[in-house]
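First comes the structure, then the notes that go with it.
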DNA sequence: AATGAATGAGAATTCATTCAT
DNA sequence: GATGAATGAATTCTCATTCAT
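Residue numbers (this note's numbering), protein chains in the order written: chain A, 1 to 210; chain B, 1001 to 1210; chain C, 2001 to 2210; chain D, 3001 to 3210.
So this is what it looks like as structure tokens:
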């Protein structure tokens, strides 16, 4: 089993539990298999066998193998997004909100290695990802992040002499890079430490100011 | 033809011109094809045809298709490394050296899209990359970067209250993320602008200090 | 068609008719093709074409080309074994039973050249045969033969100053060598004559006793 | 190194030492490789590498890969034949001569596993063997054996109511089968024991005579 | 006597995918 | 909601072999 976990390490229940059992089993099977190998070397036969269904059933619920991957990713993203919204609602001040969001984002990778694998390594190489629902959700998430940065600029807590998009880029890059090695080499990621480091650098810079 | 270009957009000549002609043609063919599609959808038949040799010759010079990819990557990396060494030699002060290096790194991606494709998108998903010579060169490059950051800390120009590795991570993450979109969507990357943005944020932070 | 024949030249019906149609066709196709050429020069494409199925189906039912060969062999062996059991049940005295068994064994080769080809020429060179089910059946058969010889020794009809295993070895060697030339050069094997010769020599020896 | 050994475990020197060094090295390389795997899974590239020459050189001295195998076999056979002639010259009485020959034949297999592999497992499946020089040498050897049996019949020491060819068949079959298992599973063959067993059975029969 | 470079042609095997039931 | 049977189409990789030098 590879359930989806929140940043208290608790298993998430999805609202979309209305999946037929076969579909649920297939998605769980792919999640399980992604713990151990890359998507390309997972065959539909393997997925079906792990799920305890026939290969044909995969094509009942998913357009093709990549669509399955994207739907699995979308489930994770829907959680990440609702988490981000909750975070912002429960915090005051753009910088604090940003810090909270960075922490949640890193936690998501830390507790859901499969999510990290998919988003950081598996989907990007193939053009079809960029027209998937999952990608649309990513855009939604990053827009949300951008809006937060812009709000910070207006507030006066975030520098306004740098493009908000450049700031977003750097934050996301820092997060991803910090989690990439852990993901690739299956090493533990410590969300507290990593988010502190990222925030220190991004918020205050590395140069010694005099 | 897809020659390797430096940051003045000039074609690089490799010292290792001692390749047999067939090998050179094969590597050039892969570079050319990578301009237009992902590695997985490039067939060995296509590579051979483009190179004007037979498929079998690929397997004389490369262990398999991925080894070819890694060797192509290694050629780019050998240039990136020598460039980094030159940069540091020609500049004074860790921060300035770092800025120069960031600029060169981004330029390398900007002028050699194929290099960016390979390093940012194609090799990471497959475990065999991490035991390749190319990966060893990447490690060499990042060690070099780390040493530079440590030197900055000693000099007093770079904060020493943050792990040098965390700083490196953030820099590399920022660079990669900044170049990733351009690489994926084949959009131009402006090395001056991108490196300025990255340096502003990383060097000075995003928070308004009072 | 290359059905399996008993020593009255009658076609054998297998109990294991529960094969899916494609699997049956593939096995029949290989039997047919083995009438005319060696296993190595039979391609999977040829097998599929002869069977009227696609090559891929072969790999649905068999692990690889050799596994197909082993499964075809196993079908023959399952018949040989049941034949041997029948022979022994219907005859009295170890020597007579042995003679009957030798006759049946030689008949099996005589009437099923493909079986002879496979067992005497095709499987032995490759180590994987020795971990196949087919090989396990051969062991079962030769154990049965050994038990028969031991019974003869206890009865007093077979010399007990020679290892039963040595006797078995010599009998099997004599049978195989006698059938080998016929198999290789596609010459008819006369079961009556060959089994008489083998039995005369093995049972009574070649030296003139005085 | 895989030299050819006689039945005193001494290394044989061939008269045909006039081979050019490359040819000798290639034949030795094949002998060495055959200690560990089947002929089909030995590649010409491997042979060349082991021999320390280029693949092209193999085709200078041998028509093709199988011709190389046959020439290696022929060297062994030339020794077996001269050994057989020596044996007969030094012994009196057809049965004694036969016994000596059986012993030498088994010793040859016992001390030269590669020879056994080639003759018992590798050459038979392929029709081209039967038009090779090596096969002609085998025929010469078996004719020699047949003549010996016929001489025994005339002498009165060997039964004349059985075809000499049937006797020869049984003897060769017994020897081969006795050595086959040892060859396949790389188990030691004890020439004294095996030849005793074979001779006991073949010479005196297995039935208890009253 | 020997080599470096290159090839032709196949050949097994893989895998996602479909469809009738 | 699910399956058993079968396929199409490709794709990597292998390997013996050749030839100019």
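Yeah, the Cβ is synthetic: ideal placement off N, Cα and C, and Gly gets one too. Note that this is a predicted model, so its numbers are computed, not measured.
If you look at residue 1093 of chain B, you'll find it isn't in any alpha helix (DSSP H); DSSP assigns it neither H nor E.
Within the region 3033-3062 of chain D, contact with chain C at the beta-carbon level (separation under 9 angstroms) is assigned to 3037, 3038, 3039, 3040 and 3041. With distances taken between CA atoms, residue 1085 of chain B lies nearest to B:1097 out of B:1164, B:1093 and B:1097.
Contact of residue 3121 of chain D with chain C by beta-carbon distance below 7 angstroms involves 2124 and 2125. Taking all protein chains shown into account, residue 1023 of chain B has 16 or more neighbouring C-beta atoms within 10 Å of its C-beta and is therefore buried. DSSP, reduced to helix, strand and coil, places residue 1169 of chain B within a helical segment of the structure shown. Within the region 2025-2098 of chain C, the complete alpha helix (DSSP H) segments of 4 residues or longer fall at 2044-2051, 2055-2061 and 2065-2089, listed in chain order. By the neighbour-count criterion, in which a residue is buried when 16 or more other Cβ atoms sit within 10 angstroms of its Cβ, residue 190 of chain A is exposed. Note on residue 183 of chain A: 16 or more other CB atoms within 10 angstroms of its CB, so buried under the neighbour-count rule. Using a CB distance cut-off of 9 angstroms, residue 2203 of chain C counts as an interface residue toward chain D. Residue nearest to residue 1124 of chain B within the set B:1002, B:1103 and B:1066 is B:1066 (criterion: CA-CA distance). Straight-line spacing of the CA atoms in residue 2135 of chain C and residue 3180 of chain D works out to 15 angstroms. Residue 10 of chain A sits in coil when the DSSP states are folded into three classes, being neither helix nor strand. Contact check for residue 1105 of chain B against residue 172 of chain A fails: the beta carbons are separated by 9 angstroms or more. A straight-line Cα-Cα distance of about 10 angstroms links residue 1130 of chain B and residue 1138 of chain B. Under the 10 Å beta carbon count, residue 2156 of chain C is surrounded by fewer than 16 other beta carbons and is classified as exposed. Taking a Cβ-Cβ cut-off of 9 angstroms, the neighbours of residue 1170 of chain B in chain A comprise 170, 173, 174, 177, 178, 197, 198, 201, 202 and 206, given in sequence order. Within the DSSP bridge table, the entry for residue 2162 of chain C names no partner.
With contact defined as three or more Cβ pairs closer than 8 angstroms, the region 2076-2083 of chain C and the region 2104-2119 of chain C are in contact. Annotation: the continuous alpha helix (DSSP H) that includes residue 152 of chain A extends over 133-155. Across the region 2091-2120 of chain C, CB contacts with chain D closer than 7 angstroms involve 2095, in sequence order along the chain.
Judged by DSSP in its simplified three-state form, residue 1189 of chain B adopts coil rather than helix or strand. When the beta-carbon positions are compared, residue 2048 of chain C and residue 2057 of chain C come within less than 9 angstroms of each other. For the set D:3152, D:3128 and D:3071, the Cα lying nearest the Cα of residue 3094 of chain D is the one of D:3152. One alpha carbon belongs to residue 2147 of chain C, the other to residue 3029 of chain D, and they sit about 44 angstroms apart.
If you check the CB distance, residue 1072 of chain B and residue 166 of chain A do not come in under 9 angstroms. Boundaries of the alpha helix (DSSP H) around residue 3114 of chain D: 3113-3116. Chain-order list of chain C residues neighbouring residue 3162 of chain D: 2197, 2200, 2201 and 2206, by C-beta distance under 8 angstroms. Chain-order list of chain A residues neighbouring residue 1184 of chain B: 124, by C-beta distance under 7 angstroms. Contact annotation: residue 3004 of chain D and residue 3144 of chain D have beta-carbon atoms that are not nearer than 9 angstroms. Here residue 2133 of chain C has 2074 as same chain residues with Cβ atoms under 6 angstroms from its own Cβ, once five neighbours each way along the sequence are excluded. Listed by position along chain B, the residues whose Cβ is nearer than 7 angstroms to that of residue 31 of chain A form an empty set, because the closest Cβ is around 17 angstroms away.
Distances from the alpha-carbon of residue 3053 of chain D to those of D:3102, D:3020 and D:3140 put D:3020 closest. Cβ-Cβ distances below 8 angstroms link residue 2059 of chain C to nothing in the same chain once the five nearest sequence neighbours on each side are left out. Scanning B:1185, B:1206 and B:1205 for the CA closest to the CA of residue 1037 of chain B turns up B:1185.
The beta-carbon of residue 158 of chain A is placed less than 9 angstroms from the nearest beta-carbon of chain B.
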